[in-house]
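Going down the list, the sequences are from chains A and B.
First residue of the first sequence: 506, per the numbering used here; consecutive thereafter.
First residue of the second sequence: 506, per the numbering used here; consecutive thereafter.
Cβ atoms here follow ideal geometry from the backbone N, Cα and C, with glycine treated the same way.
What you are looking at is a predicted structure, and each value in this text was computed from that prediction instead of being measured.
There are 2 protein chains.
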Amino acid sequence: MRIAFVGTGVMGRSMAGHLLAAGHEVRVHTRTRAKAEPLLAAGARWAETSAAAADGADAALSMVGHPSDVDEVWRGPSGFLRVARPGQLLVDLTTSDPALARVLAAEAAAKGAEALDAPVSGGDRGAREATLSIMVGGSPAGFAQARPLLAVLGKTLVLQGGPGAGQLCKLANQVAVASGMVAVCEALAFARATGLDAAAVLESISGGAAGSWGLSNLAPRVLKGDFAPGFHVRHFTKDLGLALAAAQASGAELPGLRLAARLYAEVERAGDADLGTQVLARLYFSRLGA
Amino acid sequence: MRIAFVGTGVMGRSMAGHLLAAGHEVRVHTRTRAKAEPLLAAGARWAETSAAAADGADAALSMVGHPSDVDEVWRGPSGFLRVARPGQLLVDLTTSDPALARVLAAEAAAKGAEALDAPVSGGDRGAREATLSIMVGGSPAGFAQARPLLAVLGKTLVLQGGPGAGQLCKLANQVAVASGMVAVCEALAFARATGLDAAAVLESISGGAAGSWGLSNLAPRVLKGDFAPGFHVRHFTKDLGLALAAAQASGAELPGLRLAARLYAEVERAGDADLGTQVLARLYFSRLGA
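Okay, structure coming up:
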């Protein structure tokens, strides 16, 4: 298939690479051309704009940063929708705004194209190993059309509902991650404050009812003083903002999410937006004077 | 070995049963004799008091409800400490107060006995299958002495530090569980409020960064409307109270723990203290009018 791929950051680069490796013809565009070079070296072709990448393609995919970037790549003067045509598949993989996803789907439908919102979880490693969970919003027909491509990128593919439902599912994921991070950091802070050996505590508690992905994967990094980003604080706070807005719009009262958003805002004010989400533990430790 | 076991509720019954099955001579005492009958039928002997059970035993173990019960079983007029003697091993398996554990250890030491605090996690199932995580506070010598007995009851045995450290570790576990439950319930509430199919959401999010024991084990029960206790709300609120007190005493500022304690107090006020901790989800749903 002829595929357009826009956005070749850490995640997008792996994804576009898998599509190339699967034998597809891939045209890429991204804000900073240098970031596309490894893909161009591997056989992808360069396009000067999102529209140029998508023009004539069977499918156009985007994996960018913020909803405003998605809006630009799809609805901008050189965006996907300028060249969308009947039968074409358009997929946004960015974690973005459910309301925007519904707008994109409606505008794509007006041109006879199928649009899906398909945000992912699994991080850079999931993208690299093609083990992502991909949460899809759109029509069953669009999902069926996209499935062979998505199967190249991830292993858990679920249609969550109509346009926007993929984004809402990803936000539900982030709601769980948010209080999950509070759980991890408070257990570590409690251990430190009460004089326990946190590594021994993790050994005792990680395998039981307190167990979580974060406790197994992020807590050990905290103990090593490793705050390098798996997932960046600044991306997480974006997601928390989207989740808060969606919760408010739907009447859900989520005090744990509000608390996490408040704590991560403090992390950003401390200048740690470019570190990994596990740096929240350092905020707790600093309050202990430890 | 001659072993005293006091407290034959759901957890204690399984534990005492394993000790019997391992060939030990077990004397049991519990508040309501009827609860000990299955053990007596299996070969345990009845003792009229905790002291009578412990008198002459190589080791005396307790698994009761609240710190006040532990205090009675150990320090009461017919308690373990009345008959404690040099070389005897005393072990409290109850989730209890770290400060009380230190008092018990000091009073046991004054009689030449070794006392350990050794609360467990893993629930009724972990007790039944002898897969508990046992978090031990006490001396290395006491831990070495107890290890063969504890290995009959659980599979993760870690000495966390001196007297009280086992209790503190268990409370660290409960701190993580507390915000972990908020994470699970808020993800479900978000899914419901935004019109998603919560089962499909769990399929997408349980295997990734949002994954946790609660999401895999309790969220599916919530979706089936199953609020039967694995772990009772009333026991959890006891533990949260102990954790809050220990956090305050050590200067740890844990807003997630405070939030969870506030929410579970609401669950108790709603009359749900005897249901399982997953009933917190119902509090969230009721606020959605759903």
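For a quick check, are the C-beta atoms of residue 609 of chain B and residue 579 of chain B less than 8 Å apart? Position 104 of the second sequence holds residue 609 of chain B. Position 74 of the second sequence holds residue 579 of chain B. For residue 609 of chain B and residue 579 of chain B, yes; Cβs fall inside 8 Å.
Spatial neighbours of residue 607 of chain A in its chain, beta-carbon cut-off 6 Å, leaving aside the 5 residues before and after: Translated into the one-based positions of the first sequence, residue 607 of chain A becomes position 102. 668 and 669, listed in sequence order.
Within chain A, partners of residue 702 of chain B - CB distance below 8 Å: The residue labelled residue 702 of chain B in the question sits at position 197 within the second sequence. Result: 665 and 666.
Counting Cβ pairs closer than 8 Å, one from the stretch 645-663 of chain A and one from the stretch 685-697 of chain A, do we hit at least three? no
By Cβ distance below 6 Å, which residues in the same chain neighbour residue 648 of chain B in space, the five residues on each side in sequence not counted? Residue mapping note: residue 648 of chain B aligns to position 143 of the second sequence, counting from 1. Closer than 6 Å at Cβ, skipping near neighbours: 641 and 664.
Contact set between the stretch 745-764 of chain A and chain B, restricted to residues whose Cβ is under 9 Å from the partner: 748, 751, 752, 754, 755, 756, 757, 758, 759, 760, 761, 762 and 764
Check each candidate in B:614, B:582 and B:619 and name the one with the smallest Cα separation from residue 596 of chain B. Along the second sequence, read from residue 1 onward, the residue named residue 596 of chain B stands at position 91. Nearest of B:614, B:582 and B:619 to residue 596 of chain B, Cα basis: B:619.
Top-ranked residue by Cα proximity to residue 582 of chain A, from A:570, A:594, A:564 and A:555: Sequence index remark: in the first sequence, residue 582 of chain A carries index 77 (1-based). Minimum Cα distance to residue 582 of chain A is reached at A:555.
Quick check on residue 732 of chain B - is its C-beta less than 8 Å from some C-beta in chain A? Position 227 of the second sequence, counted from the start, is the residue given in the question as residue 732 of chain B. Not closer than 8 Å to any Cβ of chain A, the Cβ of residue 732 of chain B fails to qualify, so no.
Applying a beta-carbon distance threshold of less than 8 Å, which residues of chain B neighbour residue 718 of chain A? For this step, residue 718 of chain A is matched to residue 213 along the first sequence. Here the neighbours are 713, 714, 715, 716 and 717.
Would you decide whether residue 537 of chain B is buried or exposed? Buried here means 16 or more other CB atoms lie within 10 Å of its CB. Residue 537 of chain B sits at position 32 when you count from the first residue of the second sequence. Under this definition residue 537 of chain B is an exposed residue.
Reference residue 682 of chain A; option with closest CA among B:715, B:736 and B:675: To locate residue 682 of chain A, count along the first sequence from 1; it is residue 177. Residue B:715 is the option with its Cα nearest to residue 682 of chain A.
Residues bridged to residue 661 of chain A [DSSP beta-bridge criterion]: Your numbering for residue 661 of chain A matches position 156 in the first sequence. Answer is A:638, bridged to residue 661 of chain A.
Touch check for the stretch 772-791 of chain B and the stretch 689-706 of chain B: three-plus C-beta pairs under 8 Å? yes
Secondary structure at residue 781 of chain A, three-state DSSP: helix, strand or coil? Translated into the one-based positions of the first sequence, residue 781 of chain A becomes position 276. Note: residue 781 of chain A maps to strand in three-state DSSP.
Under a three-way DSSP split, which group does residue 741 of chain A fall into? Numbered from 1 along the first sequence, position 236 holds the residue referred to as residue 741 of chain A. Correct three-state label for residue 741 of chain A: helix.
Nearest by alpha-carbon distance to residue 631 of chain B: which of B:621, B:622, B:656 and B:563 is it? Residue 631 of chain B sits at position 126 when you count from the first residue of the second sequence. The residue with the shortest Cα to Cα distance from residue 631 of chain B is B:656.
Can you pull the chain A residues whose beta carbon is under 7 Å from the beta carbon of residue 699 of chain B, in chain order? On the second sequence, residue 699 of chain B is found 194 positions in, with the first residue counted as 1. Those within 7 Å of residue 699 of chain B in chain A are 673, 751 and 755.
Classify residue 749 of chain A: buried if its beta carbon has 16 or more other beta carbons within 10 angstroms, exposed otherwise. Here the question's residue 749 of chain A lines up with position 244 in the first sequence. When all chains shown are included, residue 749 of chain A counts as buried.
Answer yes or no: does any C-beta atom of chain B fall closer than 8 Å to that of residue 654 of chain A? Counting from 1 along the first sequence, the entry for residue 654 of chain A is found at position 149. So no, residue 654 of chain A is outside the interface.
Buried or exposed: which applies to residue 646 of chain B, given that a residue is buried once 16 or more other Cβ atoms fall within 10 Å of its Cβ? Reading the second sequence from its first residue, position 141 is the one you call residue 646 of chain B. Residue 646 of chain B comes out exposed.
When burial is assigned at 16 or more other CB atoms within 10 Å of the CB, is residue 615 of chain B buried or exposed? Residue numbering aside, residue 615 of chain B sits at position 110 when the second sequence is read from its first letter. Classification of residue 615 of chain B: exposed, given that the 10 Å Cβ count is below 16.
Could you run through the stretch 763-788 of chain B and flag, in chain order, every residue whose CB is less than 7 Å away from some CB of chain A? 764
Just checking: is the beta-carbon of residue 695 of chain A within a distance shorter than 8 Å of some beta-carbon in chain B? Here the question's residue 695 of chain A lines up with position 190 in the first sequence. Yes, residue 695 of chain A lies at the interface with chain B (some Cβ there is under 8 Å from its Cβ).
For residue 623 of chain B, which of helix, strand or coil comes out of DSSP? The residue you call residue 623 of chain B lines up with position 118 of the second sequence. Coil.
Consult DSSP for residue 569 of chain A and reduce its assignment to one of helix, strand or coil. Taking the first sequence and counting its residues from 1, one reaches residue 569 of chain A at position 64. If DSSP states are grouped into helix, strand and coil, residue 569 of chain A belongs with coil.
Applying the 10 Å Cβ sphere with the 16-neighbour rule, what's the burial state of residue 791 of chain A? Indexing the first sequence from 1 puts residue 791 of chain A at position 286. Residue 791 of chain A is exposed by the Cβ-count criterion.
Express the C-alpha separation of residue 760 of chain B and residue 793 of chain A in angstroms, rounding to a whole number. As a first step, residue 793 of chain A is located in the first sequence; it is residue number 288 there, counting from the start. As a first step, residue 760 of chain B is located in the second sequence; it is residue number 255 there, counting from the start. Straight-line Cα distance between these residues: approximately 13 Å.
Under 9 Å from the C-beta of residue 742 of chain B: neighbouring residues of chain A: To locate residue 742 of chain B, count along the second sequence from 1; it is residue 237. Those within 9 Å of residue 742 of chain B in chain A number zero; the least Cβ separation is about 16 Å.
With a threshold of 8 Å on Cβ separation, who are the neighbours of residue 697 of chain B within its own chain once the five nearest residues in sequence on each side are excluded? In the second sequence, the residue the question calls residue 697 of chain B occupies position 192. Counting only Cβ-Cβ distances below 8 Å, and skipping sequence neighbours, we find 703, 790, 793 and 795.
Ignore the nearest five residues each way along the sequence and tell me which others in residue 510 of chain B's own chain have a CB closer than 6 Å to its CB. Position 5 of the second sequence, counting from 1, holds the residue named residue 510 of chain B. Cβ within range, chain order: 521, 531, 533 and 566.
Of the residues A:617, A:730, A:603 and A:724, which one's Cα is nearest the Cα of residue 573 of chain A? Counted from its first residue, the first sequence places residue 573 of chain A at position 68. Nearest C-alpha to residue 573 of chain A: A:603.
Uninterrupted alpha helix (DSSP H) stretches inside the stretch 508-568 of chain A (no shorter than 4 residues): 515-526, 542-546 and 555-559
Whole alpha helix (DSSP H) runs in the stretch 668-754 of chain A with 4 or more residues, listed along the chain? 670-698, 703-710, 718-722 and 724-728
Opening and closing residue of the alpha helix (DSSP H) in which residue 605 of chain B lies: Here residue 605 of chain B refers to the residue found at position 100 of the second sequence. 603-615 is the span of the alpha helix (DSSP H), which, as asked, contains residue 605 of chain B.
Give a yes or no on whether the minimum CB-CB distance between residue 539 of chain B and chain C is below 8 Å. In the structure shown, chain C does not exist; the protein chains are A and B.
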